[in-house]
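Below is one structure, written out as structure tokens, with a few remarks after it.
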Amino acid sequence: MIDDVDDTNHDYTTVFSITHSLYNENSFIVDTAGDISLADGSVFVDRSADRVGIGTTTPSYPLHVAGGGDIGMTNGTSTWYLDNNNDWFNIGGSVNRVFTLNTNAPANNFYMLANGDVGIGVGFSPSAKLDVGGTLRNTDTITSSWTGSSTAWLHQGLVLESYNTNAAANSEVGFSLVNSRDNLRWDFRLNDNGNSFSATKRNTGGNEFNVYNTTTDFRNARVKMGGVTVFENGHLVTASSRELKTDIKPLDTQAAMDAFHKLQPVSYEYKAQKGEPVVGFIAEDVPELVAMPSRKTFDSAEVTALLTKVVQEQDKVLSQTRKELKEAQEKIARLEKMEKKVAMMESILTNLALDTSRSTKEKVSLNQK
Numbered sequence: 001m002i003d004d005v006d007d008t009n010h011d012y013t014t015v016f017s018i019t020h021s022l023y024n025e026n027s028f029i030v031d032t033a034g035d036i037s038l039a040d041g042s043v044f045v046d047r048s049a050d051r052v053g054i055g056t057t058t059p060s061y062p063l064h065v066a067g068g069g070d071i072g073m074t075n076g077t078s079t080w081y082l083d084n085n086n087d088w089f090n091i092g093g094s095v096n097r098v099f100t101l102n103t104n105a106p107a108n109n110f111y112m113l114a115n116g117d118v119g120i121g122v123g124f125s126p127s128a129k130l131d132v133g134g135t136l137r138n139t140d141t142i143t144s145s146w147t148g149s150s151t152a153w154l155h156q157g158l159v160l161e162s163y164n165t166n167a168a169a170n171s172e173v174g175f176s177l178v179n180s181r182d183n184l185r186w187d188f189r190l191n192d193n194g195n196s197f198s199a200t201k202r203n204t205g206g207n208e209f210n211v212y213n214t215t216t217d218f219r220n221a222r223v224k225m226g227g228v229t230v231f232e233n234g235h236l237v238t239a240s241s242r243e244l245k246t247d248i249k250p251l252d253t254q255a256a257m258d259a260f261h262k263l264q265p266v267s268y269e270y271k272a273q274k275g276e277p278v279v280g281f282i283a284e285d286v287p288e289l290v291a292m293p294s295r296k297t298f299d300s301a302e303v304t305a306l307l308t309k310v311v312q313e314q315d316k317v318l319s320q321t322r323k324e325l326k327e328a329q330e331k332i333a334r335l336e337k338m339e340k341k342v343a344m345m346e347s348i349l350t351n352l353a354l355d356t357s358r359s360t361k362e363k364v365s366l367n368q369k
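Oh and the sequence shown: position 349 is 349 in UniProt numbering, straight run, nothing missing.
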């Protein structure tokens, strides 16, 4: 049926309408404002606002769909799907989801700029190709194939950098850990033939930790940490160049002797290594001269210097004692020699006295005759 009766229920001023005679419902209405209503308002065209409503006669957007169903768009191959029940928007349909967003996610949680930078949890201003404001999780392998310097921000001030000099004479690959908040940086490098690995704290002027295979500078060194080098034969050496030191002065002899007498060698076992006796010192008990600032560690090299000074002093004393002993022995030898001479002279004098006495007796005897 076609009529022009106004629809007071929907506040229409009807130009004409098409009504279903069986169900008495307006199937198609055009009002004086040019608005169009289909199926009793199931589809509504707001001519004045250029909006289309599906399930609503008051559309708020150019296309406003109201209702509890799902929405899908497809060209037969690709599908865009809005799952109303689960608050999902995805590409791929309700089963084969390739890309999914939950509409209950925080506002502006996923954002892509016109330059291609993508932000997750950083609002409207991602500052990298992928800028994540939260914790990343990976359950597979992450690889990179670029050369030169590249940066990946991992968490707050922590940065992971890929580095490759890409030079035949000095090719290295590695990465850096940077905490920009505290201006701390560690560089980790592996050279092109795998002979060395280094971990360097930036701006310190030297490597803090190195692992070597075979190099000219460190011969057969395996590990180098700061000024300590450990060779593959177990030999350990420490940096001791004059170039590394200042305020050099001789160790005071009396201070060394006093510290030496205060040392308390003990036997003990580590709590984590029961049944393995060790001899050494207790860090809290060693004298101040060789104590570490924390009083929890101990440097045996300092005791070596202390003992060297004590032994040197004892050697001086021993040398002086030997000299004095030698002089005393020589004096004794001279005295013994003089004693022998005196004894000889006494013997001569005794014999002389005896001869004189005998001669006198003989003369007296002759005179008496």
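Just so you know, even glycine gets a beta-carbon here, dropped at the ideal spot from N, CA and C.
What you are looking at is a predicted structure, and each value in this text was computed from that prediction instead of being measured.
Start and end residues, beta strand (DSSP E) containing residue i
i: D46; result: 43-46
i: T74; result: 71-74
i: L236; result: 236-238
i: Y268; result: 266-268
i: L63; result: 63-65
i: V290; result: First-last for V290: undefined, no H or E at that position.
i: R51; result: 51-54
i: G119; result: 118-120
i: G275; result: Per DSSP, G275 belongs to no beta strand (DSSP E) and is neither H nor E.
i: T229; result: 228-231
Top-ranked residue by Cα proximity to residue i, from the options
i: A301; options: K129, A239, D247; result: A239
i: A66; options: L349, V52, G275; result: V52
i: N109; options: G121, N351, D117, H235; result: G121
i: V290; options: A343, L307, Q329, N115; result: L307
i: S48; options: P62, E243, S176; result: P62
i: P250; options: R295, F231, Q312; result: Q312
i: H261; options: V303, T139, S42; result: V303
i: A107; options: R242, G123, N138; result: G123
i: residue 383; options: G227, L318, E330; result: What the structure shows of the chain is the stretch from 1 to 369, and residue 383 is not part of that stretch, so it cannot be assessed.
Residue range of the alpha helix (DSSP H) that includes residue i
i: D131; result: Taken as a continuous stretch (DSSP letters only), D131 belongs to no alpha helix (DSSP H), being part of the beta strand (DSSP E) at 130-132.
i: M112; result: From DSSP, M112 is part of no alpha helix (DSSP H) but of the beta strand (DSSP E) over 110-112.
i: T253; result: 253-262
Buried versus exposed, by CB contacts within 10 Å (16 or more), residue i
i: K309; result: buried
i: L200; result: According to the sequence shown, residue 200 is Thr rather than Leu. Buried is the call here.
i: T321; result: exposed
i: T229; result: buried
i: V237; result: exposed
i: S189; result: It should be pointed out that residue 189 corresponds to Arg in this sequence rather than to Ser. Classification for R189: buried.
i: T214; result: At T214, the pLDDT of 49 sits below 50, so the modelled position is not reliable and the matter cannot be decided from this model.
i: A259; result: buried
i: P59; result: buried
i: V178; result: buried
i: D50; result: exposed
i: D187; result: buried
i: E346; result: exposed
i: R219; result: With a pLDDT of only 47 at R219, under the threshold of 50, the placement of this residue in the model should not be trusted; the figure read from the coordinates follows. Its Cβ having fewer than 16 others within 10 Å, R219 is exposed.
i: L22; result: Any reading at L22 is ruled out, since the residue's pLDDT is 47, under 50, leaving its predicted position unreliable.
Contact under 8 Å by Cβ, residue i with residue j
i: S125; j: G133; result: no
i: F281; j: P293; result: no
i: A105; j: D117; result: no
i: I54; j: V43; result: yes
i: T56; j: H64; result: yes
Test: residue i CB closer than 8 Å to a CB of chain C
i: D117; result: No chain C appears in the structure shown, which is made up of a single protein chain.
- Message: Does the contact criterion of 3 or more C-beta pairs under 8 Å hold for the stretch 277-292 versus the stretch 322-336?
- Response: no
- Task: Decide if the stretch 236-255 is in contact with the stretch 267-278; the criterion is three or more beta carbon pairs, one per stretch, under 8 Å apart.
- Result: no
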